[in-house]
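For what it's worth, the working numbering labels the leading residue of the sequence shown as 3, then goes sequentially.
To keep things clear, I will list the structure first and then write my remarks on it.
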Amino acid sequence: MRIWDIPPEKMCRQHLLGEHRELHALWSIITNNKKAYAHHPETMRWRGKLKALYLRHEALVEEMTKRGYKHHTPLDPALATGKTIQDEFVDSYEEQVRLLKERRCNCRV
């Protein structure tokens, strides 16, 4: 599970859509107090920052729409509470760029 800190417009199709799918899973884990993945590092860094996670989702949806994808899975804005900025990282931004470059995908990092 990973929510990248890379701007969505730089992400390839695979990573853009994959992150969107994982973001919904993470949202469900946190908002429904699910036990599965509750202690995963990615889950831990988003606790108390649902507003930031909501804003990340909106940025992904904006990029998906620009690319012609239809979006049918909005998040409930009433649940978007806490900090608006993600300032905690599992991997640094530079490390995330390195990881994406290693995958030799079409991400523009």
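Where is the CB? At the ideal position from N, CA and C, for every residue including glycine.
Alpha-carbon to alpha-carbon, residue j and residue i
| i | j | result |
| --- | --- | --- |
| V92 | K51 | 15 angstroms |
| A80 | L57 | 13 angstroms |
| E90 | E96 | 14 angstroms |
| T67 | N35 | 30 angstroms |
| R4 | R110 | 18 angstroms |
| R105 | K37 | 31 angstroms |
| W6 | Q98 | 7 angstroms |
| N108 | L102 | 9 angstroms |
| W29 | A61 | 15 angstroms |
Reduced DSSP category for residue i - H, G, I as helix; E, B as strand; rest coil
| i | result |
| --- | --- |
| K72 | coil |
| K103 | helix |
| S30 | helix |
| H41 | coil |
Paired residues, beta bridge with residue i - DSSP
| i | result |
| --- | --- |
| K85 | K85 pairs with nothing; no bridge assigned. |
| K53 | DSSP, once it has assigned bridges, lists no residue as partnering K53. |
Spatial neighbours of residue i in its chain, beta-carbon cut-off 7 angstroms, leaving aside the 5 residues before and after
| i | result |
| --- | --- |
| T75 | H26 |
| H59 | L25, L77 |
Residues near residue i in its chain [Cβ-Cβ closer than 8 angstroms; skip 5 each side]
| i | result |
| --- | --- |
| E64 | P10 |
| A54 | W48, G84, K85, T86, I87, Q88 |
Residue-chain proximity (residue i, chain D), Cβ-Cβ < 8 angstroms
| i | result |
| --- | --- |
| K85 | Although the question refers to chain D, the structure presented lacks it and comprises just one protein chain. |
Check whether the stretch 33-52 and the stretch 80-90 touch, using three or more Cβ-Cβ pairs below 8 angstroms as the test. yes
Three or more C-beta pairs under 8 angstroms: does that hold for the stretch 35-45 against the stretch 10-20? no
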